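Enquirer: At position 284 of the sequence shown (counting the first as 1) the number is 283 in numbering that gives the first Met the number 0, and the numbers step up by one without a gap.
Built from N, CA and C at the ideal position, the CB exists for glycine as well.
A quick note: this is a predicted structure, and the numbers were derived from the prediction, not measured.
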Amino acid sequence: MRTADGAADFQTWPAPAKLNLMLRVVGRRADGYHELQTVFQFLDWGDELRLRARSDGRIHRLREVSGIPVEQDLVVRAARLLQEHSGTALGADLHLEKRIPLGGGLGGGSSDAATALVALNVAWGLGYGLEELADFGLRLGADVPVFVHGRAAWAEGVGERLTPLELPERWNLVIVPPVAVSTAEVFQDPELTRNSPLMTIADFLSAGGGNDCEAVVRERYPQVDRALGWLAEHGEARLTGTGACVFAAFDTETDARAVLAKAPRDLRGFVARGRNRSPLHERGPAGGSADEGSSALRRE
0 MRTADGAADF QTWPAPAKLN LMLRVVGRRA DGYHELQTVF QFLDWGDELR
50 LRARSDGRIH RLREVSGIPV EQDLVVRAAR LLQEHSGTAL GADLHLEKRI
100 PLGGGLGGGS SDAATALVAL NVAWGLGYGL EELADFGLRL GADVPVFVHG
150 RAAWAEGVGE RLTPLELPER WNLVIVPPVA VSTAEVFQDP ELTRNSPLMT
200 IADFLSAGGG NDCEAVVRER YPQVDRALGW LAEHGEARLT GTGACVFAAF
250 DTETDARAVL AKAPRDLRGF VARGRNRSPL HERGPAGGSA DEGSSALRRE
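(1) Can you tell me which residues form a DSSP beta bridge with T239?
(2) Taking only runs that begin and end inside the stretch 22–50, name each unbroken alpha helix (DSSP H) of 4 or more residues, in chain order.
(3) Determine the burial state of S110: buried for a count of at least 16 other Cβ atoms within 10 Å of its Cβ, exposed for fewer.
(4) Rounding to the nearest angstrom, what Cα-Cα distance links I58 and E70 in this structure?
(5) Please name the residue, chosen from A91, G26, V25, that lies closest to D8 on a Cα-to-Cα basis.
(6) What three-state label does DSSP hand L105 in the structure shown?
(7) Output yes or no for whether 8 Å exceeds the beta carbon distance between P167 and A151.
(8) Run through the stretch 72–98 for me and flag every whole alpha helix (DSSP H) of 4 or more residues, listed as ranges in chain order.
(9) Since L230 and V215 are thought to touch, with beta carbons under 8 Å apart, how far apart are those beta carbons, to the nearest angstrom?
(10) Below 8 Å between beta carbons: does that hold for L21 and G273?
(11) With DSSP collapsed to three states, give me the class of V145.
(12) Assign A16 to buried or exposed, taking buried as 16 or more other Cβ atoms, counted over all protein chains shown, within 10 Å of its Cβ.
(13) Figure out for me which residue from L105, E130, G242, G104 has the closest Cα to the Cα of L116.
(14) From W170 to L42, what does the alpha carbon distance come to, in whole angstroms?
(15) Just list the residues that DSSP pairs P13 with in beta bridges.
(16) Rounded to whole angstroms, what is the Cα-Cα separation between F202 and P68?
(17) Are there three or more Cβ pairs, one per stretch, closer than 8 Å when the stretch 187–202 is compared with the stretch 238–258?
(18) I'd like the ranges of any beta strand (DSSP E) spanning at least 3 consecutive residues and lying wholly in the stretch 151–203.
(19) For E47, does the count of other Cβ atoms within 10 angstroms reach 16, so buried, or fall short, so exposed?
(20) Output the boundary residues of the alpha helix (DSSP H) element that contains R219.
(21) Taking only the alpha-carbon atoms, compute the straight-line gap between T192 and V258 and give it to the nearest angstrom.
(22) Within the continuous alpha helix (DSSP H) that includes G136, where are the two ends?
(23) Anyone know if the C-beta pair for Y220 and V270 falls short of 8 Å?
(24) Tell me the DSSP secondary structure of G273 in three-state form.
(25) Please return the same chain residues whose Cβ sits closer than 7 Å to the Cβ of R28, not counting the five positions on each side in sequence.
(26) Between E218 and L80, what straight-line distance do the alpha-carbon atoms span, to the nearest angstrom?
(27) Just tell me which of G268, V157, S277 has its CA closest to the CA of G31.
(28) Please state the DSSP three-state secondary structure of L266.
(29) Is the beta carbon of L50 less than 8 Å from the beta carbon of L119?
(30) Per DSSP, what kind of secondary structure is A257 in: helix, strand or coil?
(31) In whole angstroms, what is the alpha-carbon distance linking N194 and Q36?
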């Protein structure tokens, strides 16, 4: 559809957050990257990307993202990468509503990039399949492919070898400590466990798994240590990825919100349901906005 002046309408696309339900560091490659085993599940909460095609080929970021120069913005980089490889003469206006905290371990930048690839593939009429878009995404970051594919998954390698999983879609209370964790610093820490034994999907499904980065993050960031300690009094508290956010899963939304209501005043958080299928892929090409009921980081 187009507006009265002939410009294309903005389309709104969700860029959901993710949780790492476990994370193991099982080796280190010659190029310095770490070999991982992890499990991704999406949340029905996250960022929101509004975009529209331009006829002049310009990639225009309409809203600044605090702390991210335009040259480093993964949404802009994704748009330029797709534009270059497709040869399209079209451009785009891009407006990102940022809710996922930076350095939180919720995959915000990777999810934003994946949403840009999927949405612009539609807006520009390129016709790429998900495998092709995931290949583009891997050039932007190891976690981008899982967001492109949009299925909860067991991941290996640097996170790019994916096996879809069906997991319980529980309600998660996510606490957001007031700090951003540096992934690079965590993986460079000499105390990081780098030789965890390999496990199988069956092992994880029967016994779960921890996060090898947790000890390093707790030592480096007292705010995360405190959040984990408090949340552990109310459930099985875990760290997601290499970030600052910690979470616990509950059987009902009511249970999760009841614990959030008890949180100390300086601990912010939100409640969101785990999703095996990304909200990105539940939106039709003409689709609407993400769930307004989960649209803000808040205490409730």
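Expert: From the atom records:
(1) Paired residues: none, contrary to the question.
(2) none
(3) buried
(4) 11 Å
(5) A91
(6) coil
(7) no
(8) 73–85
(9) Rounded, the Cβ-Cβ distance is 18 Å, inconsistent with contact.
(10) As written in the sequence, residue 21 is Met, which differs from the Leu given in the question. Result no, Cβ atoms of M21 and G273 do not sit closer than 8 Å.
(11) helix
(12) buried
(13) E130
(14) 9 Å
(15) E47
(16) The displayed chain sequence assigns Asp, not Phe, to residue 202. Roughly 42 Å separates the two Cα atoms.
(17) In short, these stretches do not touch, since the Cβ pair count stays below three.
(18) 152–156, 160–163, 170–175
(19) buried
(20) 213–219
(21) 32 Å
(22) 129–137
(23) no
(24) strand
(25) Scanning its chain for C-beta atoms nearer than 7 Å, with the 5 sequence neighbours on each side dropped, one finds around R28 the residues E34, in chain order.
(26) Spanning the alpha carbons of E218 and L80 requires a straight line of approximately 38 Å.
(27) V157
(28) Coil.
(29) yes
(30) helix
(31) 11 Å
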